[in-house]
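Residue numbers (my numbering), protein chains in the order written: chain A, 56 to 305; chain B, 3 to 218. Written below as C-alpha cells is the structure these notes are about.
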Amino acid sequence: MVAEPSVVLIVGGAAGIGKAAAEDRLKKGDKVVFTDINEAVGKQLMEQWQAQGYSATFIQQNVTSWTDTEKVAAKTIDMYGRIDILIVSAGVTSQQRLEDITYKQWCFTLDVNLTGLFYSLKAVIPEMIRNGGGNIVIVGSGSAITGSGGGIHYATSKGGAFGLMRAVADQFSDQGIHINLVAPRVIATEMLDVLYPTEEAREELRQKIPIKQLGTLEDTTNAINFLASEASRYMQAQVMLIDGGRTYLT
Amino acid sequence: MNILLFDANHCIAEALTQSFQSVYMLEFTDRLKGQGKLCQYKSGQRQESLLTFDLLEDEAASIAAWLDQHDVRLEAMVNNLEQVTDKSLLETSLVQWQESLLINLHFPFLLVKALVPYLSERGQCIHLSSTMAVSGESGAVNYASHKSALESFSKSLSRECSERQIRSNVISVSPRCWKETNGVQQVSQMIYQMCYNPASFLNGQVITFDNGETLS
Ligand SMILES: NC(=O)c1ccc[n+]([C@@H]2O[C@H](COP(=O)([O-])OP(=O)(O)OC[C@H]3O[C@@H](n4cnc5c(N)ncnc54)[C@H](O)[C@@H]3O)[C@@H](O)[C@H]2O)c1
Numbered sequence: 056m057v058a059e060p061s062v063v064l065i066v067g068g069a070a071g072i073g074k075a076a077a078e079d080r081l082k083k084g085d086k087v088v089f090t091d092i093n094e095a096v097g098k099q100l101m102e103q104w105q106a107q108g109y110s111a112t113f114i115q116q117n118v119t120s121w122t123d124t125e126k127v128a129a130k131t132i133d134m135y136g137r138i139d140i141l142i143v144s145a146g147v148t149s150q151q152r153l154e155d156i157t158y159k160q161w162c163f164t165l166d167v168n169l170t171g172l173f174y175s176l177k178a179v180i181p182e183m184i185r186n187g188g189g190n191i192v193i194v195g196s197g198s199a200i201t202g203s204g205g206g207i208h209y210a211t212s213k214g215g216a217f218g219l220m221r222a223v224a225d226q227f228s229d230q231g232i233h234i235n236l237v238a239p240r241v242i243a244t245e246m247l248d249v250l251y252p253t254e255e256a257r258e259e260l261r262q263k264i265p266i267k268q269l270g271t272l273e274d275t276t277n278a279i280n281f282l283a284s285e286a287s288r289y290m291q292a293q294v295m296l297i298d299g300g301r302t303y304l305t
Numbered sequence: 003m004n005i006l007l008f009d010a011n012h013c014i015a016e017a018l019t020q021s022f023q024s025v026y027m028l029e030f031t032d033r034l035k036g037q038g039k040l041c042q043y044k045s046g047q048r049q050e051s052l053l054t055f056d057l058l059e060d061e062a063a064s065i066a067a068w069l070d071q072h073d074v075r076l077e078a079m080v081n082n083l084e085q086v087t088d089k090s091l092l093e094t095s096l097v098q099w100q101e102s103l104l105i106n107l108h109f110p111f112l113l114v115k116a117l118v119p120y121l122s123e124r125g126q127c128i129h130l131s132s133t134m135a136v137s138g139e140s141g142a143v144n145y146a147s148h149k150s151a152l153e154s155f156s157k158s159l160s161r162e163c164s165e166r167q168i169r170s171n172v173i174s175v176s177p178r179c180w181k182e183t184n185g186v187q188q189v190s191q192m193i194y195q196m197c198y199n200p201a202s203f204l205n206g207q208v209i210t211f212d213n214g215e216t217l218s
C-alpha cells in the first residue's frame, strides 16, 4: 500500500496525458516530480504550480539518456527518500508508411518509446523495492494490439512495452511492485494533432469510435489513478484499454 | 517456390533446406555488424555465395538490387533473427539491450522494408517469436520485450501490405517446444504448410506452438 500523500514521479509530464496526471496528483496533495525533454514548458509549469502552493518539481530529462534517467531517480530519492508511484508517459509518434520511415526515425521512435521505458523501470524499481514496493503505470497504446495508428515503428515500440511489463511483473510481483499498463487510443492531446491535424480528420475519426467521442485527459487520468491505487491491487501486468470501444467493436 | 530465411545460423535452417526446393539465406559473418553473405540452397545443397551484404551500411539495398537484377520473386520471407540474453531487468546492461534491439527488431525492419517489394503477389512474411513475449520471463527481459514488439510489428505490417495481398503472421514457439525432439520439425512443417497451402484469410495472427502452456 502506498503512502499518502504519495511521492509521484511522472516521466513525460510537461504535456498531454502526463501533464494532466501531474496536475491531478498535485490537486490531491501529492508530491510530484515530473520530467520532460521540453525544459521551457516544464519550468514554466513548475513555477505556475508552485505559485499555486503545490509541491511540484521539474527535472529536465531525455528518456533516451540513461544518465538523465539515473539522475532523475537519484534526485527524487534525495528530495523525498522514496518513490511511491511511477507513471511513464513520454512518447513520440509520426504517421508514416513503412516505405517512408527512415532507419533513423525507426530507431528514434523505439529509443524514446521503448528504451526510455526500460531505463525508467531499471532506475526506479530498485528504489521502490528498497522502500517495500510501489505502483507503476505505463502509458502504452492500443496500437500494439491493432497494429494501426502512428505507423509500424510506433506500434512496434508500444508492443515492446507489453512484454517488458510482463517480464518485470514476472520478476518483481512478490516484492511489492504493482505494474499495469493503460492503453489509450485517440485521446485529444497534441499527439493526436500530429496524427489528425484538421477538424475534418478528427470528425472522421470520431465517427469510427463506437461511442462517437474522442477520449479526454480526464479519461486517462481516471484510469491512471485507478491503476496507481490500492483499488486495482489485484490487477497485475494487465493492459487497460481506454478507447471508447474502438479496439474490439470495430 | 523461393523463400528467404533471415538467419542461416538457426536450428530451423537445416529443416527448411530439406523441405523447400530453393531457400535463400543470410549467412552472417558478423551479426552485430549486420555483415554477411547471401547464399542459396537448392535441394538441400549450398550453392556459391551470391553476394556480401552490410545491413548497417546500405540498409539491405544490395540484396534488393541482386533480387532485382536476377528477377527473383519471393513467396515468403521468414524472419528468424533472434538474440536471447538470459538476463533480468537489473542485470541487463545498456549494451545488451541495444544489441538485442538490433538483432530482434532493427535488422528485421531494414530487411522487411527493403525486400517487401520483392515478395510476389499473395506472398507472406512469417516471423518467429517466442511465448516469452506473453509469459514475461524475468530471466530474459530483452527477449520478452523485443519479441512482444515483433508481434505488433507483424500486425502493423499485415495492415500495410494487405493492399498487395501480402500477409504477415507470427509463429510463436515456447522454449520447451524447441527442445522437443521433433519441435524444430513441427515448426518447419508449419512454415511449409503456410507456403504450399496458403490460407488467404490467415493474416496478422500469432500461431502458437506451446502445447497449451501459455493460454492467454
Ligand atoms: N493521445 C493519444 O491519443 C494517445 C493514444 C495512445 C497512446 N498515447 C501515449 O500516451 C503517451 C502520452 O502521449 P500524449 O498524447 O500525452 O502526447 P504529448 O505529445 O502531448 O506528450 C508527450 C510528452 O512526452 C515528452 N517527450 C517526448 N520525447 C521525450 C523524451 N525523449 N524525453 C522526455 N520526454 C519526452 C514530450 O515533450 C511531451 O511532453 C505517449 O506515450 C503516447 O504514445 C497517446
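Using N, Cα and C, we set each Cβ at its ideal position, and we do this for glycine too. Given the structure is predicted, the values throughout are model-derived calculations rather than measurements.
Within the present structure, is the beta-carbon of residue i separated from the nearest heavy atom of ligand 1 by less than 6 angstroms?
{"i": "A:Ala69", "result": "yes"}
{"i": "A:Pro252", "result": "no"}
{"i": "A:Gly146", "result": "yes"}
{"i": "A:Val192", "result": "no"}
{"i": "A:Ser175", "result": "no"}
{"i": "A:Asn93", "result": "yes"}
{"i": "A:Met246", "result": "yes"}
{"i": "A:Val294", "result": "no"}
{"i": "A:Pro181", "result": "no"}
{"i": "A:Asn235", "result": "no"}
{"i": "A:Asn280", "result": "no"}
{"i": "B:Gln171", "result": "Correcting the residue identity first, residue 171 of chain B is Asn in this sequence and not Gln. B:Asn171 Cβ: outside cutoff for every heavy atom of ligand 1."}
{"i": "B:Val114", "result": "no"}
{"i": "A:Asn117", "result": "yes"}
{"i": "B:Ile65", "result": "no"}
{"i": "B:Leu110", "result": "One detail in the question is off: residue 110 of chain B reads as Pro in this sequence, not Leu. B:Pro110 Cβ: outside cutoff for every heavy atom of ligand 1."}
{"i": "A:Pro239", "result": "yes"}
{"i": "A:Ser196", "result": "yes"}
{"i": "A:Val341", "result": "Chain A is shown from 56 up to 305; residue 341 of chain A falls before or after that span and cannot be answered."}
Just tell me which of the options has its CA closest to the CA of residue i.
{"i": "B:Met79", "options": "B:Ala15, B:Asp88, B:Thr216", "result": "B:Ala15"}
{"i": "B:Leu159", "options": "B:Gln187, B:Gln126, B:Thr133, B:Gln23", "result": "B:Gln126"}
{"i": "A:Gln105", "options": "A:Trp121, A:Glu125, A:Thr124, A:Gly84", "result": "A:Gly84"}
{"i": "A:Leu100", "options": "A:Lys126, A:Val127, A:Gly68, A:Glu125", "result": "A:Gly68"}
{"i": "B:Ser202", "options": "B:Glu165, B:Thr210, B:Met27", "result": "B:Glu165"}
{"i": "B:Leu40", "options": "B:Asn184, B:Phe55, B:Leu217, B:Arg33", "result": "B:Phe55"}
{"i": "B:Phe155", "options": "B:Ile193, B:Gln167, B:Val114, B:Gly46", "result": "B:Val114"}
{"i": "B:Gln49", "options": "B:Gly36, B:Thr31, B:Met27", "result": "B:Met27"}
{"i": "A:Asp298", "options": "A:Ser196, A:Ile234, A:Gly205", "result": "A:Ser196"}
{"i": "A:Arg80", "options": "A:Met290, A:Asn280, A:Tyr289", "result": "A:Asn280"}
{"i": "B:Met196", "options": "B:Ile209, B:Lys44, B:Val186", "result": "B:Ile209"}
{"i": "B:Lys149", "options": "B:Arg161, B:Gly141, B:Val136", "result": "B:Val136"}
{"i": "A:Ala283", "options": "A:Ala178, A:Asp139, A:Ile242", "result": "A:Asp139"}
Look at residue i and residue j and say whether their C-beta atoms are less than 7 angstroms apart.
{"i": "A:Ile193", "j": "A:Ala222", "result": "no"}
{"i": "B:Asn4", "j": "B:Glu77", "result": "yes"}
{"i": "A:Ile142", "j": "A:Ile65", "result": "yes"}
{"i": "B:Ala17", "j": "B:Ser190", "result": "yes"}
{"i": "A:Ala224", "j": "A:Lys213", "result": "no"}
{"i": "B:Ser176", "j": "B:Glu139", "result": "no"}
{"i": "B:Ile65", "j": "B:Gln85", "result": "no"}
{"i": "B:Trp180", "j": "B:Asn144", "result": "no"}
{"i": "A:Gln150", "j": "A:Leu247", "result": "no"}
{"i": "B:Pro110", "j": "B:Leu83", "result": "yes"}
{"i": "B:Leu53", "j": "B:Val25", "result": "no"}
{"i": "A:Ser313", "j": "A:Ile72", "result": "Only positions 56 to 305 of chain A appear in this structure, which leaves residue 313 of chain A out of reach."}
{"i": "A:Gln34", "j": "A:Ile184", "result": "No answer is possible for residue 34 of chain A: it lies beyond the span of chain A, which begins at 56 and ends at 305."}
{"i": "A:Thr201", "j": "A:Thr305", "result": "no"}
{"i": "A:Leu236", "j": "A:Val294", "result": "yes"}
List the DSSP bridge partners of residue i.
{"i": "B:Asp60", "result": "Bridge partners of B:Asp60: none, in fact."}
{"i": "B:Glu29", "result": "B:Lys39"}
{"i": "B:Cys127", "result": "B:Met79, B:Ser170"}
{"i": "A:Lys74", "result": "Note: A:Lys74 sits in no beta bridge, so no partner."}
{"i": "A:Gly26", "result": "With chain A covering only 56 through 305, there is no way to say anything about residue 26 of chain A."}
{"i": "A:Val294", "result": "A:Leu236"}
{"i": "B:Phe22", "result": "Per DSSP, none; premise fails for B:Phe22."}
{"i": "A:Gly214", "result": "The partner list for A:Gly214 (beta bridge, DSSP) is empty, contrary to what the question assumes."}
{"i": "A:Ile65", "result": "A:Phe89, A:Ile142"}
- prompt: Going along the chain, which unbroken runs of the alpha helix (DSSP H) with 4 or more residues stay wholly within the region 115 to 164 of chain B?
  reply: 134 to 137, 143 to 163
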